[in-house]
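For what it's worth, the UniProt record's numbering labels the leading residue of the sequence shown as 1, then goes sequentially. Glycine residues also receive a C-beta, built at the ideal position from the N, C-alpha and C atoms.
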Amino acid sequence: MTGTLLPHRALLLVLTGCAFLLGTGEIMIAGLLPEIAAGLGVSLPLAGTLISVFALTVVVGGPLLALATGGVDRRPLVLGLLGVFAASNVIAALSSSYLLLVGSRALAAFAHAALMPLFFGVAVDLVPADKRATAVARVSLGLGLATVAGLPIGAAVGNRLGWRATFWGLSALVIVVVALLWVLLPPGQRAAESRLAELRVLRERAVLLTAATTALGAGAAFTAYTYIAPLLTEVTGFAPVTVTALLLVFGFGGTIGNVLGGKLADRDLMRTICGSLAVLGAALLLLGAVATNKPLTAAALFAFGTAYYAVIPAVNTRMLEVASQQARTLALTVQSSAFNSGIAAGGWFGGQLIGRGLPLQAVAVAGGGLAVVAALVAAFDAVGARRGIGALR
1 MTGTLLPHRA LLLVLTGCAF LLGTGEIMIA GLLPEIAAGL GVSLPLAGTL ISVFALTVVV
61 GGPLLALATG GVDRRPLVLG LLGVFAASNV IAALSSSYLL LVGSRALAAF AHAALMPLFF
121 GVAVDLVPAD KRATAVARVS LGLGLATVAG LPIGAAVGNR LGWRATFWGL SALVIVVVAL
181 LWVLLPPGQR AAESRLAELR VLRERAVLLT AATTALGAGA AFTAYTYIAP LLTEVTGFAP
241 VTVTALLLVF GFGGTIGNVL GGKLADRDLM RTICGSLAVL GAALLLLGAV ATNKPLTAAA
301 LFAFGTAYYA VIPAVNTRML EVASQQARTL ALTVQSSAFN SGIAAGGWFG GQLIGRGLPL
361 QAVAVAGGGL AVVAALVAAF DAVGARRGIG ALR
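Shown next as structure tokens:
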């Protein structure tokens, strides 16, 4: 038994590390926007669209890849996609124009779209049925740690060595985890079949409402978070080097929120989702209101991170709960697409607000409003769950 558990634990740890690298690769742009905009000679809102491009590619590519790779051996699929992710970051580091950087981000997102559902699929197959949500939460922790450590480290490297250095470093780390997975990931595990017939999962009321809640929650967070660096420097008055420490504050709150959200969700899943979204709304509204006060801004940033990352394990557990076993991979892909739809919409929405001349505080206030809407959608889902309402007719 112990001989089986040790490789499984090691594999789960490496999968968490993979999620950390993918998460870092996705969100580290937020801490580098001013440097990228200056380096490529583009405006801040245009640089911000790099986040939206990544997210939209995940939205489109995820379901397509899930349908195309159903039944394929996971080992070569995972290793190959990680290789693509590493190569995309090399291209980003070498980019001499905005369009080339956009292309590299789209390529990275294409690999990301397929990898996260595959990681979740491998993780849940390593544990008993009653431990699946825990396994998903453990892999998801890597995404939270990307905010705690990956994003601030990326910002620090970017400030000291230039933004291109962050992409070189990320590529090197991905090569390391590829080597580890080459040893630990067993052959013969196949991705769940994602037949077109399984698209009927998209008729399920709870699946759709969970996806909508996820998209709105992510949109709320990233309307503000995409432009958090310029907000902290231009409005609050923090020095650029201090932004790294503040991102650590946000990430530390996110780590607490991830653990707290998982524990609370075990007790009352829907109440945790609704409550966390309500707190997220309050934190974002507070951030917009106190953005000129340094101590209060730091406190609001901590609350923002705690609330948002409490939502993530709860909504992922909800999606696993409402999706059928046969449609699990597709449902997780839909969840990932919903999350990234929110990121894309949030980044675009925030850019529109700034482009129209509104103060940077507006992105936090608008995000707070979206979080309240997300909480209302989750409450509607909870009412339907109590009444036993199933598929849409």
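Grouping DSSP H, G and I as helix and E and B as strand, with all else coil, what is residue i?
| i | result |
| --- | --- |
| Asp268 | coil |
| Ala375 | helix |
| Gly251 | helix |
| Pro230 | helix |
| Leu239 | According to the sequence shown, residue 239 is Ala rather than Leu. In this structure, Ala239 counts as coil in the three-state DSSP scheme. |
| Gly158 | helix |
| Leu21 | helix |
| Leu126 | coil |
| Leu13 | helix |
| Leu185 | coil |
| Leu32 | coil |
| Val139 | helix |
| Phe380 | helix |
Using only alpha-carbon positions, find the residue among the options that is nearest to residue i.
| i | options | result |
| --- | --- | --- |
| Phe349 | Phe302, Thr226 and Leu101 | Thr226 |
| Gly254 | Phe302, Ala314, Gly103 and Pro45 | Phe302 |
| Val124 | Leu115, Pro117 and Ala135 | Ala135 |
| Gly23 | Gly41, Asp73, Ala149 and Ala221 | Ala149 |
| Ala364 | Val383, Gly305, Asn316 and Gln335 | Gly305 |
| Leu260 | Tyr308, Pro240 and Ala215 | Tyr308 |
| Arg318 | Val243, Leu264, Val157 and Gln352 | Leu264 |
| Ala362 | Gly275, Val235, Ser276 and Pro240 | Val235 |
| Arg387 | Ala206, Pro230, Gly342 and Ala172 | Ala206 |
| Pro359 | Gly288, Leu79, Phe252 and Gly48 | Gly288 |
| Ala114 | Leu126, Ser140, Leu77 and Asn89 | Leu77 |
| Ala37 | Gly25, Leu50 and Pro240 | Leu50 |
| Ile27 | Leu180, Ala146, Thr213 and Ile354 | Ala146 |
| Gly262 | Ala55, Leu141, Leu280 and Phe20 | Leu141 |
| Leu107 | Val58, Leu151, Ala68 and Ala155 | Val58 |
| Ala218 | Leu232, Met270, Val241 and Gly281 | Gly281 |
| Phe238 | Phe339, Gly347, Val127 and Pro295 | Pro295 |
When we look at the beta-carbon of residue i and count the other beta-carbons within 10 Å, is it buried (16 or more) or exposed?
| i | result |
| --- | --- |
| Ala283 | buried |
| Asn258 | buried |
| Gly357 | exposed |
| Ile175 | exposed |
| Pro187 | exposed |
| Arg393 | Caution applies to Arg393, whose pLDDT of 38 falls short of 50 and renders its modelled position unreliable; the model cannot decide the point. |
| Ser96 | exposed |
| Arg105 | buried |
| Arg74 | buried |
| Met1 | Confidence at Met1 is low in this model, with a pLDDT of 42, below 50, so the placement of that residue should be treated as unreliable; the coordinate-derived value is given next. It counts as exposed. |
| Val14 | buried |
| Leu286 | buried |
| Pro63 | buried |
| Arg203 | exposed |
| Arg138 | buried |
| Leu11 | buried |
| Trp182 | exposed |
| Ser43 | exposed |
| Val177 | buried |
| Asp381 | buried |
| Thr292 | exposed |
| Leu21 | buried |
| residue 407 | Any question about residue 407 goes unanswered here, given that the chain covers just 1 to 393. |
Practice problem: Let me know the alpha helix (DSSP H) ranges lying completely inside the region 276-364, each 4 residues or longer, listed in chain order. | Solution: 294-322 and 328-355
Quiz item: Which full runs of the beta strand (DSSP E) of 3+ residues lie inside the region 41-122, going along the chain?
Solution: none
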